[in-house]
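This report refers to the structure that appears directly beneath it.
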Amino acid sequence: MENSMEFRQIKYSYELIDIRTLDGNQLIDSDDPDDNVLAILCKLDDAHITIKRILEKLSLLHPNEREDYIRKLLYLSGLRNLATTVKQEVLNMPLTIDLDEYEFFKDIFTKGELKGRQEGRQEGILEGELKGKLEGELKGKLEGIEGMLEIKYGPEGLELMNTLRGIDKVDKLNAFSALIKSSTSVAQLRLYLQGNA
């Protein structure tokens, strides 16, 4: 970015300063609400404290003027990705301002809602995949156990399947599968299921 201008015989130069490098405390301490609002763009040690200090200063203004400056603060805070934090602090203030009335803020909060919904969907898909995997594993274990019971104990062993279908833990089915191998009667398996199903 240029730091000088020339007009025929007049030359003017200036130093460009990134506002993010300035200490915002001086602007917050100012009695000018324009300065207070600009502080959101400056270097912030703690964003929450800075926002609260700015809002404390703005709370002293006449309601119409205060609402105008809060709107400006919300707009500028969007440049620093702090709009959601500012909105939350504004909602915590004992003030009345309709944030939904302004298109800029609707857009910010709509994007946040959409992001939250997308994250929720992704979480739901992952949860569904895990549930499907678990159900598949349980079904496979039950089929294996059913085959073992039929081979070892015939129809009497298959009577245990209704109880076994109520078990939703793979480790319990694994333990039962191991017990079938070492068991000597269906009664022994029934006894085990009474204490562990």
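Using the numbering used here, you'd call the opening residue of the sequence shown number 12 and step up by one each time. Even for Gly, the Cβ is constructed at its ideal location relative to N, Cα and C.
Reference residue i, options the options, closest by Cα
i: Pro44; options: Gly177, Asn103, Leu202 and Ser70; result: Ser70
i: Gly155; options: Leu84, Phe187, Ser193 and Glu78; result: Phe187
i: Ser88; options: Leu72, Ile65 and His73; result: Ile65
i: Glu161; options: Leu85, Met104 and Ser196; result: Ser196
i: Arg91; options: Pro74, Lys192, Glu67 and Ala50; result: Ala50
i: Leu33; options: Lys22, Tyr23, Tyr25 and Asp46; result: Asp46
Continuous beta strand (DSSP E) stretch holding residue i: start and end
i: Ser24; result: Ile21 to Ser24
i: Glu17; result: Ser15 to Phe18
Chain-order list of residues whose beta-carbon lies under 7 Å from that of residue i (same chain, five-residue window excluded)
i: Lys226; result: Look at the range of the chain in this structure, 12 to 208, and you will see that residue 226 is not part of it.
i: Met16; result: Tyr23
Segment limits, alpha helix (DSSP H) that includes residue i
i: Glu185; result: At residue 185 the sequence reads Asn, which differs from the Glu that was named. Note, Asn185: alpha helix (DSSP H), Val181 to Ser193.
i: Gly206; result: Val197 to Asn207
i: Lys83; result: Pro74 to Leu90
Own chain partners of residue i with C-beta closer than 8 Å, once the 5 adjacent residues on each side are dropped
i: Val181; result: Leu145, Glu148, Leu149 and Lys152
Secondary structure of residue i, DSSP reduced to three states
i: Asp34; result: strand
>> Whether or not the stretch 128 to 143 and the stretch 169 to 186 are in contact is what I'm after, with contact meaning three or more pairs of Cβ atoms, one per stretch, closer than 8 Å; do they touch?
In response: When C-beta atoms of the stretch 169 to 186 are compared with those of the stretch 128 to 143, fewer than three pairs fall below 8 Å, so the two segments do not count as touching.
>> For the structure I just gave you, are there three or more beta carbon pairs, one from the stretch 29 to 43 and one from the stretch 76 to 86, closer than 8 Å?
In response: no
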